[in-house]
Amino acid sequence: MVVPVAFFALFFAWPVASIVERGLRVDGAWQFGRFGETLSRPEILDVLWFTLWQALASTALTLVIALPGAYVFARFDFPGKGLLRAVVTVPFVMPTVMVGTAFLALVGRGGLLDELWGVRLDTTVWAILLAHVFFNYAVVVRTVGGLWAQLDPRQEEAARVLGASRWTAWRTVTLPALGPSVAAAALMVFLFTAGSFAVVQILGGPAYSTLETEIYRQTVDRFDLTTAAVLTMVQFVAVGAVLAVHARTVRRRETALKLVAPEQTSRRPRGAGQWVLFGGVLVSIVLLLVLPLGVLVERSFDTPEGYGLDYYRALQSVDPSGTFLVPMADTIRNSLQYALVATAIALVIGGLAAAALTRRAGRLVRGFDALLMLPLGVSAVTVGFGFLITLDEPPLDLRASWILVPLAQALVGVPFVVRTMLPVLRAVDERLREAAAVLGASPLRAWREVDLPLVRRALLIAAGFAFAVSLGEFGATVFIARPDHPTLPVAVARLLGRPGELNYGQAMALSTILMVVCAVALLLLERLRTDRTSGEF
Amino acid sequence: MGAAAIVAALGVTTLAACGGSGEKAADGPAPKTVTLVSHDSFAASKEVLAEFTRQTGFTVKVLKSGDAGEAVNKEILTKGSPQGDVFFGVDNTLLSRALDNGIFVPYEAKGTDRIPAAVQSDQEHRVTPIDTGDICVNYDKKYFADKKLSPPQTFDDLAKPEYKNLLVVENPERSSPGLGFLLGTAAQYGDEGWQDYWKKLKANGVKTVDSWELAYNQEFSGSAGGKKAKGDRPLVVSYASSPPVEVLYSEPQPTVAPTGVSTGTCFRQTEYAGLLNGAKNPEGGKKLIDFLISKKFQDDMPLQMFVNPVATDATLPELFTKHGVVIDKPRTMAPEKIAEKRDQWIQQWSSLVLK
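These protein sequence lines are chains D and Z, in that order.
The first sequence begins at -19 in the numbering used here and counts up by one.
The second sequence begins at -9 in the numbering used here and counts up by one.
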């Protein structure tokens, strides 16, 4: 527990507290009066209200669309399952700018909907909500589906044998068991969508703004640190409240579960109902996830002389202006290196935290649990500016160091690791551990023999998340010292920042490569998972 | 705790794993590197930076610090303990904020006699002008040729009925070309008059988006991205250098640029560099500022950052002379006035145009 606490204190709490203090204490005098003044401004209230309701709506919509997906991935066996699971995670790494482009091509002017039915959704809240589903589908499928696949279906069957209807059996047996992971997924989607920045900006247009865009505006555009600090405090309180509610509901529902190997629980869809469900999920994935990605792929091949590989070829040649782009292979390597380091950090920190949280109870520990989630809900610009004014003294002058990037990425990865592992760890029957102890196993041995086999799967799911988050991370990455070492998303953004057909085409081509790299990396993780788990149960 | 050791070991092995980085640990007593902090658009060719090392013995390390506004704010936050030695990329719209906060120390660069007095805003030499760029309305040549309509040339033209629903602009609060265009209209129509002008633009169907990328690559029908996105606005606020860039990044390069510039709608930005207060290597920093206005660097700049050199002896590349235009009378504004009016104008603009 000491390590994760120190990590968060140093790389999150301290920087954020420092920047908030900087904003709230001007010339030695605290500006608490600014709270009332800021929070009574109608435009700020509008921002708060919009942030809240769009996040709630996005979360609800994501759950409605993705929970059937989680079921399908957990219980059905079908060819290409691993590939499809990787594909639904790809949106997670896509630079939001590119996704905005793709959505505009579908729901905007001259887009698919426009041409078919004359419907345009750009600059409406619908475009924002759909994009949020696109980004967060994998959160639900992976966190909920991961646990669902390990639930023993025989318990539900037993309830049915005892006379319960299908619905009652599901409601009384499966739902309570899934509860914590559904709540965890909903929480993460809520925090992500409440903190949504680029999606709101691109698809909503200047008329929409969330707390996150407002903090950015106050910090970067107006340099009004006091207002930004007030809003950061509001964000803290709001996120804290959400986390507290979450902690309460989860605690009531958490029970030890009988976990089995996922291979035992999935089978081919049977009967009309299951096939309809299966088909419905496939259609929703194609429409909401594959189609937007497809637009980017299509554009990457669409050259002025017809379809071709010109933009991919151009990636290999040296930019006419010299240092702008390094060879494509380098950006892939840079991205992978950062993502691997960040994943390792997130797994160590998150793993230790999750282990500590399962073992101990009490208010302090629960508070710490909530604390670990805060980075998902706190503005990136606040953390980034906080880094600048705190980590500026040797030996911790990290402002120009590459390690800052994986550290910042790990901050976002850790909550995923904790949230994916915790339901599984807590589901482990304490009696198993006790039995091992009674039989003379050391705590370490008990952990290795009891927890690890059950947790390995969750660990790999968590690693997949942390990896995907890091691969697609942009905000912290543009921060760094070495412009000659860009990552894929950074290179995409730079290309899009310049006029010219080649730049635009290359941005599309690089995005396509990012998709492929992400999918391949996740497939490798899947492979790791199936290789190891076989024969363990 | 064992885990601490794991983290430490992890740090070391990953440092090694990220090979090729070759990052040296803290420099010795005499730093051989000089750190240039800039915005994300900074670019310079390797040969030119190598030339600086050859001349002075210092290696340039570039630190990109976000977009222009973000980069300046970060320097203000870290005043006294800056991230580097020299900051490049503060422009006339942000200069007063930087100067008022005292992030620069005076240094008169060698060779400033080759820079026109008009762009040397600071008499105390806390900053040195490096380049200028013009924010202008760009037009889609094909659209206007097809419609047999002459493209607009002035601010007044943009409000005329024949150009209704054709223009897309950026939100001045979020985007620097957006701000430049707003300031251009204020310079043209006066501190009060610009509001009436924007009422006319709004009545004439001006569209606003948050960023240059969206305006140019999505909405504008003349750019490569806009064509794919089926952009339907043939007029966009961009830069005078955008048409040459469209040519440069086409395969094969067309003989005529697909877009043109409405020369009477331009606002001139000047970008400055300055020696940071608290720089660890002020000696190297001074040499770097000298170098930024040297002919070598100034000649390199246009094709790197697509801006115009300030030094009178710099030569423009053929791409600029052939496809670019010279803006005769760009609008501009004193940094102090921008600092004074900026926030108020943006607020007025928002309630006028966005609401």
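Note that the Cβ used here is the ideal one computed from N, Cα and C, for glycine as well.
Within the stretch 197 to 221 of chain D, R197, T199, V200, D201, R202, F203 place their CB atoms closer than 8 Å to a CB of chain Z, listed in sequence order. At a cut-off of 8 Å between beta carbons, Z:V235 contacts chain D. The stretch 60 to 71 of chain Z makes no contact with the stretch 225 to 244 of chain Z; the number of CB pairs closer than 8 Å stays below 3. What D:R379 touches in chain Z, judged by beta-carbon distance under 7 Å, is Q73, going in chain order. The continuous alpha helix (DSSP H) containing Z:V235 extends over residues 232 to 238. Residue contact check for Z:R164 against chain D: a CB pair falls below 8 Å.
In this structure, Z:F78 and Z:I120 form a Cβ contact; the two beta carbons are roughly 6 Å apart against a cut-off of 8 Å. V77, G80, T81: these are the residues of the stretch 50 to 81 of chain D whose beta carbon lies less than 8 Å from some beta carbon of chain Z, given in chain order.
When C-beta atoms of the stretch 163 to 182 of chain Z are compared with those of the stretch 211 to 219 of chain Z, fewer than three pairs fall below 8 Å, so the two segments do not count as touching. Residue contact check for Z:V76 against chain D: no CB pair falls below 8 Å. Residue burial is scored here from C-beta neighbours: D:R428 has fewer than 16 other C-beta atoms within 10 angstroms and is therefore classed as exposed.
Taking 8 Å as the CB threshold, Z:S86 stays off the interface with chain D. Contact of D:L391 with chain Z is not assigned, every C-beta pair being separated by 8 Å or more.
If the five residues before and after Z:Q208 are omitted, its C-beta is found closer than 8 Å to the C-beta atoms of V199, G215, G216, A219, G221, all from its own chain and listed in chain order.
Where D:Q389 is concerned, there is no enclosing beta strand (DSSP E), although the alpha helix (DSSP H) around it starts and stops at 384 to 407.
Per DSSP, the continuous alpha helix (DSSP H) segment holding D:S38 begins and ends at 22 to 55. In this structure, the CA atom of D:L356 is about 44 Å from the CA atom of Z:K277.
Close CB contacts of D:A443 within its chain, under the 7 Å cut and outside five residues either way in sequence, are with T323, L327, L505 (chain order). Within the model, the alpha-carbon separation for D:P386 versus D:A438 is close to 22 Å. Note that the C-beta distance between D:A417 and D:A426 is below 8 Å. Around the beta carbon of Z:E203, a 10 Å sphere encloses 16 or more other beta carbons of the protein chains shown; the residue is thus reported as buried. With a 10 Å radius around the Cβ and a threshold of 16 neighbouring Cβ atoms, D:W29 comes out exposed. In terms of beta-carbon proximity, D:Y484 lines the interface with chain Z, with at least one pair separated by less than 8 Å. Interface flag for Z:E152 against chain D is unset, since no Cβ pair is found closer than 8 Å. The C-alpha of D:F115 lies about 5 Å from the C-alpha of D:F72. Across the structure, D:A360 and D:Q181 are spaced so that their CA atoms are roughly 15 Å apart.
Excluding its 5 nearest sequence neighbours in each direction, D:A334 has C-beta neighbours in its own chain below 8 Å: V397, V398, M401, L402, L405, listed in chain order. Z:E261 is bridged by DSSP to Z:D81, Z:D121. Among the residues facing chain Z, D:P479 is included, as its CB has a counterpart in that chain under 8 Å away. Collapsing the DSSP output to three states places D:A487 in a helix.
Interface annotation for the stretch 84 to 108 of chain D against chain Z: L84, A85, R89, G90, criterion Cβ-Cβ distance under 7 Å. Segment contact: the stretch 146 to 164 of chain Z against the stretch 46 to 55 of chain Z, fewer than three CB-CB distances shorter than 8 Å; contact not assigned.
In the displayed model, Z:D289 falls within a helix according to three-state DSSP.
Beta-bridge annotation (DSSP): Z:C126 is paired with Z:S228. Here D:M(-19) is actually not in contact with D:A501; their C-beta atoms are around 31 Å apart, not less than 8 Å. The C-beta of Z:T198 comes closer than 8 Å to at least one C-beta of chain D.
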